[in-house]
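> Dumping the structure here so I can ask a few things about it.
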Amino acid sequence: MTKDILVFDKKSIQRKRNRAAETIDQHNFLFDWALKQIQERLEPIKRDYPLALQIGNRTKIENLSEFKIQKLFTTDTASQLNSNIIADEEILPFKSNSFDLVLSPLNLHSNNDLPGTLSQIQNTLKPDGLFVAALLGGETLHELRQTFQRVEMQLSNGLSPRVFPFADMPQMGALMQRANFNLPVIDSEKVTVTYDNIFKLMHDVRMMGEGNVIIDRNKSFTSRTFFQLAGQHYQDNFTESDGRIHATFEVIFILGWKPHESQQKPLRPGSAKNRLSDALKTDEGKLPC
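The opening position of the sequence shown corresponds to residue 9 in our numbering, with each subsequent residue numbered one higher.
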């Protein structure tokens, strides 16, 4: 990968996650929720997973049997999160056809090479292995993004990246197909969280091990005036009836299978036994009114 397309500062990501590791269990509600949602998506699938990999370790699976997992490996870029393996998800250190299941709860959104990472995950799965993940989506913290943009334009007539870009559902669907996953399923949910003020929100984001890790972020000192104006704008525009502000987190869920001959395959063109016009009870070339 060439330097000019790098978006995220991987060393900064590592520092932020290590700094947050000591108290992450007090701020990982979103990661816990995402892991629970992943579990619910696994429940209808009637199979067990002898060997599984969890990418991102800011939430823990307390009971492997609830996920139908026999043995689990965990990996994270931050050494303080007590994973089995310290590794960047962009360079997975596993052999091909290793795992029956790979899951990732809110870890892949700050990734410089998501297509490459998805291809590596697909490669590390056994044939007919399952991948399921949660990523932060494009609507995440849109209130905070709008607030920062408004205040920055007011003070300097320019913009710097403060809330980093997230993928949306169509993009994730295309990336799953590009990585050669079969039967991909993409959906999303929005979680609204309320806070006393913008400073409590920003503190929570930092303590999640997130925060601004864009390489081109403004690294100069941000004035007190900026944050005062941002707090007022947020309060004026994104306040609940009880006076607390709200923040949106969009979580995109992706699920796909490594190809295997036993899986469903689309019918080849021209193989249908019945005409669509017969099913619609209309003439061919005319739509029913």
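Glycine included, each C-beta is placed from N, C-alpha and C at the ideal position.
In the DSSP assignment, find the unbroken beta strand (DSSP E) run with ASN105 in it and report its ends.
First-last for ASN105: undefined, no H or E at that position.
> Could you tell me which residues DSSP pairs with ILE222 in its beta bridges?
In the DSSP output, where bridge partners are listed per residue, ILE222 has PHE16.
> Starting from the Cα of GLY181, find the closest Cα among LEU59, LEU133, ILE262 and give me that residue.
Here the closest residue by C-alpha is ILE262.
> For the pair the region 258-272 and the region 140-160, tell me if three or more CB-CB distances fall below 8 Å.
Short answer: they touch.
> When DSSP labels each residue in this structure, what does LEU43 get in the three-state scheme?
Correct three-state label for LEU43: helix.
> Nearest to PHE174 by alpha carbon, out of ILE94, GLU197, GLU147, ASN26?
That would be GLU147, whose Cα lies nearest to the Cα of PHE174.
> Using alpha carbons as the reference points, say which of THR125, THR200, MET215, GLN271 lies closest to PHE246.
Comparing Cα-Cα distances from PHE246 to each of THR125, THR200, MET215, GLN271, the minimum goes to THR200.
> Restricting to Cα atoms, I'd like to know which of LEU100, THR125, ARG153 is closest to ALA255.
ALA255 has its Cα closest to that of ARG153, out of LEU100, THR125, ARG153.
> Is it true that the CB of ILE69 sits closer than 9 Å to the CB of GLN62?
Cβ atoms of GLN62 and ILE69: closer than 9 Å.
> Give the straight-line distance between the Cα atoms of ILE194 and GLN185, rounded to the nearest whole angstrom.
So the alpha carbons of these two residues sit roughly 11 Å apart.
> Identify whether GLU190 lies in helix, strand or coil by the three-state DSSP scheme.
The amino acid occupying residue 190 in the given sequence is Asn; Glu does not appear at that position. If DSSP states are grouped into helix, strand and coil, ASN190 belongs with the strands.
> Where does ASP195 sit, in a helix, a strand or coil, going by DSSP?
Strand, per DSSP.
> Report the residue from LEU133, PHE107, ARG27, THR83 whose alpha carbon sits nearest the alpha carbon of LEU116.
Of the listed residues, the one whose Cα sits closest to LEU116 is THR83.
> What residue range is occupied by the uninterrupted alpha helix (DSSP H) comprising GLY124?
From DSSP, the alpha helix (DSSP H) with GLY124 extends over 122-132.
> Looking at the structure shown, is LEU89 part of a helix, part of a strand, or coil, going by DSSP?
Helix at LEU89.
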